[in-house]
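Written out below as structure tokens is the structure these notes cover.
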Amino acid sequence: MTNTETRSVVVEREMPHPPEKLWRALTQPHLIEEWLMKNDFAPVVGHRFNLRGDWGGVLDCEVLAIEPNKALSYTWNFKHADTAFDLQSVVTFTLTPTRTGTLLRMEQTGFRPEQKQAFGGAHAGWKQFFAKLEELVARAD
Amino acid sequence: MPMPTTRDVLFKTLADPTRRAIFERLCRQGEQTVGALTAQAGISQPAVSKHLGVLKQAGLVRDRHEGRQTHYSAQLGALAPLIDWTSEMAGFWQKKFDDLEDLLKRMDQ
Numbered sequence: 021m022t023n024t025e026t027r028s029v030v031v032e033r034e035m036p037h038p039p040e041k042l043w044r045a046l047t048q049p050h051l052i053e054e055w056l057m058k059n060d061f062a063p064v065v066g067h068r069f070n071l072r073g074d075w076g077g078v079l080d081c082e083v084l085a086i087e088p089n090k091a092l093s094y095t096w097n098f099k100h101a102d103t104a105f106d107l108q109s110v111v112t113f114t115l116t117p118t119r120t121g122t123l124l125r126m127e128q129t130g131f132r133p134e135q136k137q138a139f140g141g142a143h144a145g146w147k148q149f150f151a152k153l154e155e156l157v158a159r160a161d
Numbered sequence: 142m143p144m145p146t147t148r149d150v151l152f153k154t155l156a157d158p159t160r161r162a163i164f165e166r167l168c169r170q171g172e173q174t175v176g177a178l179t180a181q182a183g184i185s186q187p188a189v190s191k192h193l194g195v196l197k198q199a200g201l202v203r204d205r206h207e208g209r210q211t212h213y214s215a216q217l218g219a220l221a222p223l224i225d226w227t228s229e230m231a232g233f234w235q236k237k238f239d240d241l242e243d244l245l246k247r248m249d250q
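Those protein sequence lines, which keep their order, are chains A and B.
Numbering (my numbering) for the first sequence: 21 to 161.
Numbering (my numbering) for the second sequence: 142 to 250.
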């Protein structure tokens with residue numbers, strides 16, 4: 021494994037809604053806020069915006085690509101003095117119509133293999149983290 | 142016997158439910174005095190201080206003296222060896238997709 025190699029996270033889910041409706045939820049700021057984070061998104065390539073998490077973290081983003089009702093891509097960067105926490109990644113949403121709705125695919129790329137730490141994960145995922153920790157601790161005994 | 146790793150120390154330190162509860166409280170509520178922590182912990186102040194000492198040795202908390210009071214705060218960075226970025230982010234997105242589905246249902250109305 022080389023240091024330049026990056027990892028990605030893929031999450032897919034089929035939703036019983038048409039792509040046009042999902043597209044609105046992905047691109048209208050007041051709707052984005054309802055499921056993702058507070059934001060000043062605009063569906064314009066090159067537009068720079070911030071996503072603000074409940075935990076106080078602010079992500080620097082820039083729209084990279086837009087294909088209405090099909091695909092949306094933006095940067096998802098988090099500046100941190102500690103390189104373990106510093107993150108430069110790209111999030112791409114792809115919408116594929118299915119017989120009963122839409123397959124939504126999210127791919128986030130850019131994690132460096134040596135970078136196992138998380139900024140938001142540590143906050144957003146506290147509950148899961150402690151549940152997992154308890155499991156691990158139980159198994160370690 | 143192999144030398145205990147950082148992970149081992151962190152697991153051992155957080156395996157105690159009372160100690161973990163103190164640490165979680167510091168994570169969620171920010172800096173606290175020993176007195177404030179004792180009031181919520183349901184154990185004696187010396188017991189709370191002992192747990193804080195163990196957390197401090199593991200690098201999970203930092204103390205700050207101000208007058209007679211000692212304030213403790215969580216050091217989230219110390220958890221880094223336990224956290225895997227990719228699985229944490231996958232969990233993050235799964236949760237966000239749940240919220241998105243809830244929103245889509247509401248948009249029908």
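Just so it is clear, CB atoms sit at the ideal spot from N, CA and C, and this is done for glycine as well.
These figures come from a predicted structure and were not determined experimentally.
Throw me the rounded Cβ distance for the residue i and residue j pair, which I believe falls under 8 angstroms.
i, j, result
"Met35(A)", "Leu178(B)", "About 44 angstroms; that fails the 8 angstroms criterion."
"Arg125(A)", "Thr114(A)", "4 angstroms"
"Leu196(B)", "Thr154(B)", "6 angstroms"
"Glu127(A)", "Val30(A)", "5 angstroms"
"Leu46(A)", "Leu92(A)", "6 angstroms"
"Thr211(B)", "Val175(B)", "6 angstroms"
"Asp74(A)", "Lys99(A)", "Going by Cβ atoms, the distance from Asp74(A) to Lys99(A) rounds to 19 angstroms, so no, they are not a contact pair."
"Glu82(A)", "Arg68(A)", "5 angstroms"
"Ala199(B)", "Leu151(B)", "6 angstroms"
"Leu84(A)", "Asn97(A)", "So it is not a contact: roughly 12 angstroms between Cβ atoms."
Distance cutoff 7 angstroms, beta carbons only. Does residue i sit that close to anything in chain A?
i, result
"Glu172(B)", "no"
"Asp240(B)", "yes"
"Leu193(B)", "no"
"Leu244(B)", "yes"
Within 7 angstroms of any Cβ in chain B, is that where the Cβ of residue i sits?
i, result
"Ala138(A)", "At Ala138(A), the pLDDT of 45 sits below 50, so the modelled position is not reliable and the matter cannot be decided from this model."
"Arg27(A)", "yes"
By the criterion of Cβ-Cβ separation under 9 angstroms, what are the contact partners of residue i in chain E?
i, result
"Gln235(B)", "Annotation note: the requested chain E is absent from the structure, which comprises protein chains A and B."
Residues in the same chain with beta-carbon distance under 6 angstroms from residue i, minus the five sequence neighbours each way, listed in chain order, please.
i, result
"Thr112(A)", "Ser93, Glu127"
"Ala219(B)", "Gly200, Leu201"
"Gly76(A)", "none"
"Ala156(B)", "none"
Consult DSSP for residue i and reduce its assignment to one of helix, strand or coil.
i, result
"Met248(B)", "helix"
"Pro36(A)", "coil"
"Phe164(B)", "helix"
"Asp106(A)", "coil"
"Asp73(A)", "Inspection of the sequence shows that residue 73(A) is occupied by Gly rather than by Asp. DSSP places Gly73(A) in coil when its eight states are reduced to three."
"Glu172(B)", "coil"
"Lys41(A)", "helix"
"Phe61(A)", "coil"
"Gln216(B)", "coil"
"Thr122(A)", "strand"
"Pro49(A)", "helix"
"Leu84(A)", "strand"
"Asp157(B)", "coil"
"Ser185(B)", "coil"
"Ala231(B)", "helix"
Please go through the same chain and pick out, in chain order, the residues whose beta-carbon is closer than 8 angstroms to the beta-carbon of residue i, but skip the five residues on each side of it.
i, result
"Ser185(B)", "Thr179"
"Pro38(A)", "Pro117, Gly121, Thr122"
"Leu193(B)", "Ile163, Val175, Leu178, Val202, Asp204, Tyr213"
Tell me which residues share the same chain as residue i and place their Cβ nearer than 7 angstroms to its Cβ, disregarding the 5 neighbours each side in the sequence.
i, result
"Thr129(A)", "Thr26, Ser28, Ser109, Val110"
"Met57(A)", "Leu71, Arg72, Gly73"
"Phe233(B)", "none"
"Pro51(A)", "In the sequence as displayed, the identity of residue 51(A) is Leu instead of Pro. The answer, listed in chain order, is Arg44, Ala45."
Report whether the distance from the Cβ of residue i to the nearest heavy atom of the ligand MG is below 6 angstroms.
i, result
"Gly194(B)", "The ligand MG is absent from the structure shown, which contains no ligand whatsoever."
Members of the segment 38–69 of chain A that neighbour chain B once the beta carbon cut-off is set at 8 angstroms: Lys41, Leu42, Arg44, Ala45, Leu51, Glu54, Trp55, Leu56
Members of the segment 113–134 of chain A that neighbour chain B once the beta carbon cut-off is set at 8 angstroms: Leu124, Met126, Gln128, Phe131
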